[in-house]
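According to our numbering, the residues represented by the sequence shown are 68 to 440, in order. Where a beta carbon is used, it is the ideal one built from N, C-alpha and C, also for glycine. Structure first, then comments.
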Amino acid sequence: MSLALEAISKRLGWDDETAQQEFAWLELMAKLKYDEYRDFLAGARFFERLAAWLGQFKTLEERKTAYDFVRKRLVFTSTAEINRLVELFYHRYVHQDLLRGAAETHGIPSYEVMVNERARETFHRLRRKTLFMGLSDGARIDVLRRSNAGRLSNEQIVLQPFLDDKKWRDLADELQENLEDDDNPKFKTVYVLDDFTASGTSLIRWKNGKLRGKLERLWKTLKGAKGKPGDTFPIDLKAQVRVHHYMATEQARNHIEKLLTEAKQQLGDDWFEDIRPTYGLVFDEKLPVSETEEPALWKLTEDYYDPGIESEKHMKASGDTHWKRGYGQCALPLVLEHNTPNNSLALLWAESTNPKEGAHSMRPLFYRRQRHT
Numbered sequence: 068m069s070l071a072l073e074a075i076s077k078r079l080g081w082d083d084e085t086a087q088q089e090f091a092w093l094e095l096m097a098k099l100k101y102d103e104y105r106d107f108l109a110g111a112r113f114f115e116r117l118a119a120w121l122g123q124f125k126t127l128e129e130r131k132t133a134y135d136f137v138r139k140r141l142v143f144t145s146t147a148e149i150n151r152l153v154e155l156f157y158h159r160y161v162h163q164d165l166l167r168g169a170a171e172t173h174g175i176p177s178y179e180v181m182v183n184e185r186a187r188e189t190f191h192r193l194r195r196k197t198l199f200m201g202l203s204d205g206a207r208i209d210v211l212r213r214s215n216a217g218r219l220s221n222e223q224i225v226l227q228p229f230l231d232d233k234k235w236r237d238l239a240d241e242l243q244e245n246l247e248d249d250d251n252p253k254f255k256t257v258y259v260l261d262d263f264t265a266s267g268t269s270l271i272r273w274k275n276g277k278l279r280g281k282l283e284r285l286w287k288t289l290k291g292a293k294g295k296p297g298d299t300f301p302i303d304l305k306a307q308v309r310v311h312h313y314m315a316t317e318q319a320r321n322h323i324e325k326l327l328t329e330a331k332q333q334l335g336d337d338w339f340e341d342i343r344p345t346y347g348l349v350f351d352e353k354l355p356v357s358e359t360e361e362p363a364l365w366k367l368t369e370d371y372y373d374p375g376i377e378s379e380k381h382m383k384a385s386g387d388t389h390w391k392r393g394y395g396q397c398a399l400p401l402v403l404e405h406n407t408p409n410n411s412l413a414l415l416w417a418e419s420t421n422p423k424e425g426a427h428s429m430r431p432l433f434y435r436r437q438r439h440t
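Structure (structure tokens):
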């Protein structure tokens with residue numbers, strides 16, 4: 068038995084039988100999932116982090132509540148699970164959209180497209196006129212490329228939407244070269260991709276009566292870039308835009324769909340003509356931690372909190388007064404293998420570097436790193 072497991076057992080007051088049962092579960096989950104968390108280091112993986120994390124709680128009952136949360140409520144998405152959602156994206160969404168587009172062009176059912184020579188040619192042409200853009204480093208562009216080798220070319224997949232003029236010209240040149248007999252060699256469909264959205268506010272939100280967020284920045288980028296390279300800009304401004312998240316909460320889905328409707332109504336022509344969100348997986352609405360259903364865990368989020376972890380900039384954006392239950396008070400029990408969302412309970416990810424006077428010095432179980440967008 069490792070020293071970390073021994074420490075966990077002592078802190079939770081387990082007898083030999085309970086320890087044996089729990090060690091089996093912990094060892095299984097560490098091997099299958101938890102040890103692959105990217106911020107863990109050799110010699111300080113899940114067992115060591117769990118032992119240290121439990122040590123911050125003062126009473127046995129609090130430590131049992133914290134462990135029960137990990138045992139019964141924690142949702143950890145592994146690399147294999149996220150990659151599978153990336154791999155399914157093309158087949159579930161892109162391929163089906165292309166079939167519908169070719170079918171509508173030729174007035175035939177979707178199931179006849181691939182056995183109809185002209186429709187099949189249209190299908191391939193539409194596919195080449197589709198651009199894929201990452202919204203953040205979580206878009207898994209490398210996995211998308213690898214899983215679609217032979218279907219999608221590198222010239223129609225870009226890491227992020229905020230490109231310089233030279234890159235736009237390069238995309239336009241490659242597209243024109245591939246579609247030299249096309250009267251309008253421009254991208255007709257744009258997929259923007261990200262791994263996860265918990266609240267939807269970073270994607271789209273109203274602030275002081277103006278639209279803000281990644282989609283507003285994308286619209287301005289595309290609209291502004293169109294005039295720079297002249298006629299060579301490769302995206303049709305009337306292109307259909309598909310915003311795909313591999314994972315989302317029910318809260319985020321409702322928020323995004325509501326604000327997309329409002330944006331079209333209020334902005335009219337000064338907005339995407341055809342924009343629609345899609346999701347690989349939407350978590351059940353019961354995923355967030357509830358004060359009424361889990362009062363003991365809720366109390367831990369109140370008692371073991373340091374206001375020093377808060378960011379004034381992000382607090383203003385979300386309207387939060389604290390982050391006890393994470394950004395936007397989403398109260399998620401969620402960890403992604405490469406990082407922990409700041410919408411999850413702060414108990415999971417926050418580390419005090421300069422604790423406020425009288426506040427608890429927080430220790431993370433899955434330390435969160437600031438992501439890049």
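From the DSSP output, read off the bridge partner residues of residue i.
i    : result
S411 : L399
G201 : L260
T316 : Its beta-bridge partners do not exist; DSSP assigns none.
V310 : V259, P344
F279 : What sits at residue 279 in the sequence shown is Arg, not Phe. Note: R279 sits in a beta bridge opposite R272.
F254 : I302
F442 : Any question about residue 442 goes unanswered here, given that the chain covers just 68 to 440.
I444 : In this structure the chain extends from 68 to 440, so residue 444 is not present and cannot be described.
V349 : A315
Specify the secondary structure class of residue i as computed by DSSP and reduced to three states.
i    : result
W273 : strand
I75  : helix
V356 : coil
D237 : helix
L108 : strand
N406 : strand
A216 : strand
E89  : helix
T440 : Reliability of the predicted coordinates at T440 is poor, the pLDDT of 42 falling under 50, and the value obtained from them is presented with this limitation in mind. Coil at T440, not helix or strand.
S378 : coil
Y160 : helix
L242 : helix
Q333 : helix
R323 : Sequence check: residue 323 is Ile here, not Arg. I323 falls in the helix class under three-state DSSP.
G425 : coil
A265 : coil
E184 : helix
Q125 : Residue identity check: residue 125 is Lys in the sequence provided, not Gln. Coil, per DSSP.
L95  : helix
P362 : helix
Y434 : coil
A417 : coil
Please determine, among the options, the residue with the shortest C-alpha to C-alpha distance to residue i.
i    : options                : result
N150 : A133, A206, N183       : A206
M382 : V356, E241, W286, N410 : N410
W92  : G122, K139, R112       : K139
F156 : G347, N406, D232, A74  : G347
E379 : M96, E369, E103, Y394  : Y394
H162 : F143, P252, V137, R192 : R192
A186 : L152, L166, G335, I208 : L166
R218 : I75, G335, A413, E154  : E154
A74  : L202, E94, R236, L121  : L121
L403 : A315, L246, I302, N183 : A315
K233 : P301, K98, Y178        : P301
T146 : T256, I224, R105       : R105
L334 : W286, L198, E352, P408 : W286
V225 : D209, S214, A216       : D209
T189 : L141, K255, L327       : K255
L99  : E148, A170, R284, L70  : E148
V356 : L70, D102, F136, G201  : F136
K125 : Y101, Q88, Q87, L79    : L79
At a cut of 8 Å, does the stretch 252-272 reach the stretch 305-314 through at least three beta carbon pairs? Contact holds between the stretch 252-272 and the stretch 305-314, because three or more Cβ pairs, one in each stretch, are under 8 Å apart.
Evaluate contact between the stretch 105-116 and the stretch 349-363, counting only Cβ atoms and requiring at least three cross-stretch pairs below 8 Å. Touching, no.
Measuring CB atoms only, is the stretch 173-185 touching the stretch 275-294, in the sense that at least three cross pairs come out at less than 8 Å? No, the stretch 173-185 does not touch the stretch 275-294.
When you compare the stretch 334-342 with the stretch 386-399, are there three or more beta-carbon pairs, one atom per stretch, that lie closer than 8 Å? Segments in contact, no.
How about the stretch 284-291 and the stretch 235-244: do they share at least three Cβ pairs that are nearer than 8 Å? Because the criterion of three Cβ pairs below 8 Å is not met, the stretch 284-291 and the stretch 235-244 do not touch.
Three or more C-beta pairs under 8 Å: does that hold for the stretch 316-328 against the stretch 264-271? The answer is yes - the stretch 264-271 touches the stretch 316-328, with three or more Cβ pairs under 8 Å.
If we count Cβ pairs, one from each stretch, closer than 8 Å, do we get three or more for the stretch 369-378 versus the stretch 419-436? Verdict: yes, contact present.
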